[in-house]
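2 protein chains.
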Amino acid sequence: MSTAEQIAKKARIAGNSLKTISNENRSAILYKIHDALKADASTIEQANKLDLQLAQENHLSDSLLKRLDLFKGDKFDTMLQGIKDVADLEDPVGKIKMARELDEGLTLYQVTAPVGVLLVIFESRPEVIANITALCIKSGNSGILKGGKESVHTFREMAKIINETIEKYHEETGVPVGAVQLIETRQDVNDLLSQDEYIDLVVPRGSNALVRNIKDSTKIPVLGHADGICSIYVDKDADLEKAKRITLDAKTNYPAGCNAMETLLINPSLPSWCEVLENLTREGKVTLHVMNDVKEAYFKQLESLGRLDDVIKSSTVDVNESKDFDKEFLSLDCAVKFITSTQAAINHINLHSSRHTDAIITENKDDAELFLKGVDSSGVYWNASTRFADGFRYGFGTEVGISTSKIHARGPVGLDGLVIYQYQIRGNGQVASDYLGAGGNKAFVHKDLDLTKK
Amino acid sequence: MSTAEQIAKKARIAGNSLKTISNENRSAILYKIHDALKADASTIEQANKLDLQLAQENHLSDSLLKRLDLFKGDKFDTMLQGIKDVADLEDPVGKIKMARELDEGLTLYQVTAPVGVLLVIFESRPEVIANITALCIKSGNSGILKGGKESVHTFREMAKIINETIEKYHEETGVPVGAVQLIETRQDVNDLLSQDEYIDLVVPRGSNALVRNIKDSTKIPVLGHADGICSIYVDKDADLEKAKRITLDAKTNYPAGCNAMETLLINPSLPSWCEVLENLTREGKVTLHVMNDVKEAYFKQLESLGRLDDVIKSSTVDVNESKDFDKEFLSLDCAVKFITSTQAAINHINLHSSRHTDAIITENKDDAELFLKGVDSSGVYWNASTRFADGFRYGFGTEVGISTSKIHARGPVGLDGLVIYQYQIRGNGQVASDYLGAGGNKAFVHKDLDLTKK
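Residue numbers (the working numbering), protein chains in the order written: chain A, 2 to 455; chain B, 2 to 455.
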């Protein structure tokens, strides 16, 4: 048996056990892990200093160093609080979603259950291992975790503490050893991606290249996002001030975010539409990658208003039409195109967007409803910034990731994305051959039971 | 652009349009399709006769001939009625599953939406094309359909009528041409399996080999079932009569069904346990593939009762331990093993079953609850036959298939498995930078709205 198979099989066995553990015990072990990490803070800090030192020696970027530093500001305390927050969430497992009487004394229940075994791959942020551990255990899934290599000493130390804690309290809580396993190399990940018999879901967090690479190398379902190519359509009936505020926020609040606007579709019938573009450049320092007809009309309007200056000229460049509307700039750049109807905007978005989040700005309810119904993205917004696409802003408490998949879970994914359901039947000796369709005469009752009554 | 890409792109465009069509119009076109198929029954019958004639010339089996014959008994009328039944189902699209006030005038909705484009592959049963067409259109998905080659003339004729009807009423209903496309060759299927940019879900119905082959050849998610290796555990506290009835039904009611029992786990502490085995053989003509210790104890008991005869002896064979507990017999055969605790039964099932449906027979509630919680299959039953795992019996109205996947949809899948959700935000110009976490001071309200109130 290969090492990868051993790890995967151990995770499967742990997962089978974990799914039977009560919410009280799943939460209790998270509190114990919280306490142990807190008590061992100084050991973790030493390991973290080693990672930082090696990163400095390797001349890694300042932003990476900042991410690596677990003890900067209140990051460590926030991480600890996060574990307790997840522990205190409502139990996602064992919720009855449907109950139906099939016949007297024969009842069908649809009950939430953990997915099983998760392989979670994440970036070099030391606090994420605590977060993912909490999410896995709370949702009754066993996890195989791989973090970015720059944090390996911190991860190793924290995984050691987490596993010792699980082992120490195993008798008390029932949470199995093997519920959380840390792996360290990219080769381990590659080997595990072939363990589709044991692993149920891969959750990659990080770059698009990582997600795409993983999707290409495994038969296991992948919950991850490809690109975040978000568009905003400013309709002819848009409120100009809303259009200016929303596009500026969507583009500039955090340009590196996957929910930032990358494409602006603007209807030239909107009076003073050029102010939307001007505002992006003057207020937001945005470089606009525009179509020829947009440039011509934009410059002409600004000239007639006496506002066509060098700032505008140098920030308005020709769009690469065959590429830029399918591009995630992740910078203060935006592709711009004229669109003359809501249906045309829907068509453009369904063809070019990455099915992440797209918005319409309009005061016309009919156009808004058409857009909300027609656009095939996980988030469809009316008069709000695409930047709201986020687990925290949606009130999910915690976020596993943002999914651009079309099945299972879309958009910001909370604990709900880590559970699925099982059908339970509770009977009293019933057999199918007594019923119609299988040789018998009895008819099914099929009466839904009221779940609000206990 | 390849033919496959053209087909897939056409389906995508049709799907984008179909998702905006009202339930009234989606149902209306199904009634029109019903009427057209009914009116053209004689043309369809001619095509069907051609398929039957070719099948006879090719010496295909009687059971296949029976499946091919669309006009045998009331099969054609049942098919027509099925279209109307699906049309009359509750709309699966646009259901609000969650509504949350994020802030005053900023509301988040989780709304069901079609998955998008389905590639459905099914067996040589002419009536299935009508069924799948109805399911696709009702759920707002466009479908690319491929049926078994033996029915190709019937499929072709029916697809022609369906497409002419959609075209004829396109202006009236809005249902787009291209909503349903028939493809005819295995090569077309292979080519389409690489169109993961346009196709969202593959639904293969048919043999396990087909499903496995498709899973191995595509990056598109597959909703299908691998094997149906269902087990029944007869506990020491089982009611003997229930155990006899349920195992007999589960094994013999329809041995070729994926929900038939393939493995019997029996606790030798149950008094008269040997009657469960004897009943399977004498009443059900079942050949038992038993472990050595089972055989020894079974024969000894029957001998002492004076019932060890040639029928029993010839129907009790040695199990191939390394293979038979992972095998779908699909015949009057069953693997048998002693299991001495519910936990051991859970462990065996989680290791060997195909996560389809497994049952415990016991009068002990604690053991039943442990089993229901511990077994990781889509169906977990207490004192009922595994044969109940079926969309009709669950009351789903119609069944897309039975899924042994761990994500998106498990077990019998109704229309619900063909929809997913989108998040809508309806705002009034709100931007993220006004709120905490993105640079502002406003806090989110996160107040769930009551969905039972309209």
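No residue lacks a Cβ here, since even glycine has one placed at the ideal position from N, Cα and C.
For the segment 368-381 of chain A, residues whose beta-carbon sits nearer than 9 Å to a beta-carbon of chain B comprise Ala369, Leu371, Leu373, Lys374, Gly375, Val376, Asp377, Ser378, Ser379, Gly380, Val381.
In this structure B/Ala257 is exposed. Its beta-carbon is surrounded by fewer than 16 other beta-carbon atoms within 10 angstroms. B/Ile84 and B/Ser152 have their C-alpha atoms some 19 Å from each other. Contact check for B/Met262 against B/Ala244 fails: the beta carbons are separated by 8 Å or more. Contact residues of the segment 106-123 of chain A toward chain B are Leu107, Leu109, Val116, Gly117 (C-beta to C-beta distance below 7 Å). Closer than 8 Å to the CB of B/Phe339 there is not a single CB belonging to chain A. Burial of A/Gly117 is indicated by the presence of at least 16 other C-beta atoms within 10 angstroms of its C-beta.
When only Cα atoms are considered, B/Val204 and A/Ile408 end up about 13 Å apart.
Note on geometry: alpha-carbon atoms of A/Leu119 and B/Pro222 lie some 17 Å from one another. Contact between A/Ile233 and A/Leu265 holds, with the beta-carbon distance rounding to 6 Å and staying under 8 Å. In the structure shown, A/Phe77 falls within a helical segment according to DSSP collapsed to helix, strand and coil. In the three-state reduction of the DSSP assignment, B/His357 falls in the coil class. In this structure, B/Arg394 lies near A/Phe445, with their beta-carbon atoms less than 8 Å apart. B/Ser62 is not bridged by DSSP to any residue.
Taking 8 Å as the cut-off, the Cβ atoms of A/Thr155 and A/Asn49 count as close.
Rounded to the nearest angstrom, the gap between the Cα atoms of B/Ala88 and B/Leu136 is 9 Å. For A/Ser152, there is no enclosing beta strand (DSSP E), as DSSP gives it neither H nor E.
Contact holds between the segment 335-353 of chain B and the segment 318-326 of chain B, because three or more Cβ pairs, one in each stretch, are under 8 Å apart. Cβ contact annotation for B/Val401 (same chain, cutoff 7 Å, sequence separation greater than five): Leu136, Val204, Val414, Gly415, Gly418, Leu419, in chain order. Around the C-beta of B/Gly148, 16 or more other C-beta atoms lie within 10 Å, and the residue is accordingly described as buried. Chain order gives the chain A residues near B/Pro222 as Pro222, Ser406, Lys407, Ile408, His409, where near means a beta carbon separation below 9 Å.
Here the alpha carbons of B/Gly438 and A/Lys76 stand approximately 15 Å from one another. Listed along chain B, the residues sitting closer than 7 Å to A/Ile247 by beta-carbon distance are Gly430, Val432. Below 8 Å, enough C-beta pairs join the segment 14-24 of chain B and the segment 172-188 of chain B to call them touching: three or more. Between the alpha carbons of A/Ala298 and A/Asp238 lies a distance of about 19 Å. Leaving aside the five residues that flank A/Arg308 on each side, the residues in its chain whose CB is nearer than 8 Å to its CB run, in chain order, Glu279. Listed along the chain, the chain B residues whose CB falls inside 7 Å of the CB of A/Ser218 amount to none; the nearest CB is some 10 Å away. Under the three-pair Cβ rule at 8 Å, the segment 101-118 of chain B does not count as touching the segment 33-52 of chain B.
Scanning chain A for C-beta atoms nearer than 7 Å to the C-beta of B/Ile421 yields Lys407, Ile408, Arg411, reported in chain order. Chain order gives the chain B residues near A/Phe445 as Arg394, Gly396, where near means a beta carbon separation below 7 Å. According to the DSSP secondary-structure assignment, A/Ser404 is paired through a beta bridge with A/Gly412. Near chain A, meaning a CB-to-CB distance below 9 Å, the residues of the segment 251-270 of chain B are Ala251, Thr253, Asn254, Tyr255, Asn260. For B/Lys11, the nearest beta carbon of chain A is not closer than 8 Å to its own beta carbon.
Among the CB atoms of chain A, none fall inside 8 Å of the CB of B/Asn132. Cβ atoms of B/Phe123 and B/Gly207 come within 8 Å of each other, at about 6 Å. In terms of Cβ geometry, A/Val112 and A/Gln425 form a close pair [threshold 8 Å].
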